[in-house]
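Working notes for the structure below.
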Ligand SMILES: Cc1cc2nc3c(=O)[nH]c(=O)nc-3n(C[C@H](O)[C@H](O)[C@H](O)COP(=O)(O)O)c2cc1C
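Residue numbers (our numbering): 1 to 316.
Structure below.
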């Protein structure tokens, strides 16, 4: 049996990448019910912006319980290591996850061996996704006890690595370096790309963009249309966080201004709001960010069909 399926108790090694605001309980449950692994992102079911830790925790508790009402299958939650969590939001979410029995953490950020060891002592399954993936980082995570490594290439949507290593390269490198399973992330939008990832060593795939263009994703219809209507040549990529990360976006206000700012030496321009942008559908309110391969997605499908398509190369 596929090791990822065995570890996560799922049928297809297709993990839905958490996406702030747009990975709701409905999407997560749909992916898990299809036999993949749904993962709650921050502000999963929230309808308004909340700022305090206590309020955010209670919002996430509701999202967890909503998900449990929609599926009896496993699902995960997105968290961040302490270094990327200056106010303690993620720490509180990890405590909540334990309390609510959500025992799969999808960790995004720099590898922190101490924290990985603690999460393992607490009984979590740890899926580690280093923001700028490195061979050394993957080796350290494996040694600390991480269960699964995500190899994210710069083909991905969202806050992309500042490094310019593509998904095929980073998947092949990490799969060669560690003995635990590696998931390919970045541009896995159809069965062929899933198969390509498998050929270079992935034991599963970690997918965002294809799930944005699903019937169950709560991103605004205008957001989905904007993505579908953007010609692959027209995406804008700009640098943020002084080179640590980049955004790829459909060509609107924040993309145009971000690129201009970069040209003028500002490597940390703003990216706007996912809430007003992707969730509410105003493309000038924030980056509408997706993979460079979104142009290969031809239709907005149900998650059930997406999971089965992307999972096909990994099952007999
Ligand atoms: C709109 C969007 C928002 C994202 N938000 C998050 C997030 O909040 N946390 C996180 O760990 N990753 C986030 N990601 C990254 C995804 O979890 C995943 O790694 C990525 O989408 C995989 O690449 P793909 O979009 O090419 O499939 C986001 C990606 C997108 C497209």
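For each residue, glycine too, the CB sits at the ideal point set by N, CA and C.
Note that the C-beta distance between residue 185 and residue 153 is below 9 Å.
Collapsing the DSSP output to three states places residue 11 in coil.
Where residue 113 is concerned, the enclosing alpha helix (DSSP H) starts and stops at 113-121. The criterion of a C-beta distance shorter than 9 Å is not satisfied by residue 182 and residue 293. Not one heavy atom of ligand 1 lies closer than 8 Å to the C-beta of residue 179. Taken from the Cβ of residue 271, every heavy atom of ligand 1 lies 8 Å or farther away. Not one heavy atom of ligand 1 is found less than 8 Å from the C-beta of residue 194. With a beta-carbon spacing of about 16 Å, residue 102 and residue 80 fall beyond the 8 Å limit used to define contacts. With distances taken between CA atoms, residue 45 lies nearest to 23 out of 23, 33, 209, 313. Contact annotation: the segment 114-124 does not touch the segment 201-211, with fewer than three C-beta pairs closer than 8 Å. Assignment of residue 91 by DSSP, reduced to helix, strand and coil, places it in the helix class. Residue 316 counts as exposed, since fewer than 16 other C-beta atoms from the protein chains shown sit within 10 angstroms of its C-beta. In the three-state reduction of the DSSP assignment, residue 210 falls in the helix class.
A check of alpha carbon separations from residue 41 across 18, 223, 221 identifies 18 as the nearest. Residue 246: member of the beta strand (DSSP E) spanning 245-249, first to last residue. Non-local C-beta neighbours of residue 61 in its own chain, meaning closer than 7 Å and more than five positions away in sequence, comprise 96, 100, ordered along the chain. Contact annotation: the segment 232-249 touches the segment 268-285, with at least three C-beta pairs closer than 8 Å. By the neighbour-count definition (other C-beta atoms within 10 Å, threshold 16), residue 75 is a buried residue. Residue 47 sits in coil when the DSSP states are folded into three classes, being neither helix nor strand. The beta carbons of residue 213 and residue 236 sit about 19 Å from each other, so the pair does not count as a contact at 8 Å.
Following the DSSP letters along the chain, one finds residue 130 inside the beta strand (DSSP E) bounded by residues 125-130. A heavy atom of ligand 1 is found nearer than 8 Å to the CB of residue 78.
Between residue 112 and residue 82 a beta carbon distance of about 7 Å is seen, short of the 8 Å cut, so the two are scored as contacting. CA-to-CA, the gap between residue 312 and residue 36 works out to about 11 Å. Taking residue 104 as reference, the option from 220, 20, 55, 125 with the minimal CA-CA separation is 125. Relative to the Cα of residue 25, the nearest Cα in the group 9, 4, 59 belongs to 59. DSSP places residue 105 in the uninterrupted beta strand (DSSP E) bounded by 104-109. Its Cα nearest to that of residue 166, the residue 133 stands out among 133, 280, 217, 179. Residue burial annotation: residue 231 is exposed, with fewer than 16 other C-beta atoms found within 10 angstroms of its C-beta. Taking the Cβ atoms as the reference, residue 31 lies roughly 24 Å from residue 200, outside the contact range of under 8 Å.
Counting along the chain, the unbroken alpha helix (DSSP H) around residue 140 starts and ends at 135-144.
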